[in-house]
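One structure is given here, and the rest of the page talks about it.
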Amino acid sequence: MSQTPSSRRRTPAPPREDVLAAAMEMIAERGLEKLTMAALGREVGMSSGHLLYYFHSKDELLLRTLEWSEGRLGAERGRLLTRTASARERLDAYVDLYVPDGHRDPHWTLWLEVWNRSQNADDDARDRQAAIEGAWHRDLVALLAEGVSRGEFRAVDPDRFAARLRALLDGFSIHVAIGLRGTDRGTILGHVREFLDEGLLADA
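Numbering (the working numbering), first residue to last: 179 to 382.
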């Protein structure tokens, strides 16, 4: 007996979060160069055309995946920064979370690709990237301001110090992510903590 149109059932598409998680897993396991619409479609049981219907372009897929990954990092960052600990201990935790785990860290690999593509991005994409950056910056400014108010840190301008610290972290993190020799994660963390000691420790 043939099915009527109303009785036919199409295989439902996986939730978008599952697609983004699969994209991140592919980057982690195979590298960004292996992440194509066709390959991702095979992973999640969708055609590349179906993926393009939802995401419109690979640029949009990458940015959505980055936003999804940043959402998870943001939740972890929030837990670290609101725990009971000194401002310096929480600042060290912030730095630990910021710096890549090592060469080809999947989150930083994705970040670098989105940055590279942003040269030709539209205003909406740029605004969304700025929102990601802004969340890291605001959390850092608030933590620095708290440390200053408690007398743990010297009386620095939290916004200006945060801008300089994040520039330092970005530069070092790129070196770690691309595997530049002599810039492993442990070495970088040592440099950053020395910078924090010199710039933030309250005068005796």
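The C-beta atom is built at its ideal place from N, Cα and C for all residues, glycine as well.
Between Ala340 and Val319 a beta carbon distance of about 5 Å is seen, short of the 8 Å cut, so the two are scored as contacting.
Within its own chain, the residues whose Cβ lies closer than 7 Å to the Cβ of Leu374, once the five positions on either side in sequence are excluded, are Leu269, listed in chain order.
By the neighbour-count criterion, in which a residue is buried when 16 or more other Cβ atoms sit within 10 angstroms of its Cβ, Asp283 is buried. Distance from the CA atom of His228 to the CA atom of Ala200, rounded to whole angstroms, is 15 Å.
Ser247 is not a Cβ neighbour of Leu218, given a cutoff of 8 Å. If you draw a 10 Å sphere on the C-beta of Thr243, you find 16 or more other C-beta atoms in it, and that means buried. Counting along the chain, Gly256 sits inside the alpha helix (DSSP H) bounded by residues 236-260. If you draw a straight line from the Cα of Val354 to the Cα of His369, it comes to about 13 Å. Burial check for His234: the Cβ neighbour count within 10 Å stays below 16, so the residue is exposed. In this structure, Leu240 sits near Glu291, with a CB-CB distance shorter than 8 Å. Counting of Cβ neighbours within 10 angstroms places Ser264 among the exposed residues, the total staying below 16. At a cut-off of 3 residues, not a single continuous stretch assigned as beta strand (DSSP E) sits fully inside the segment 325-378.
Between Gly357 and His285, the C-beta gap is not smaller than 8 Å, which leaves the two residues out of contact.
Excluding the 5 residues flanking it on each side, Glu330 has same chain C-beta neighbours closer than 7 Å at Ser264, Ala265, Arg266, Ala380, in chain order.
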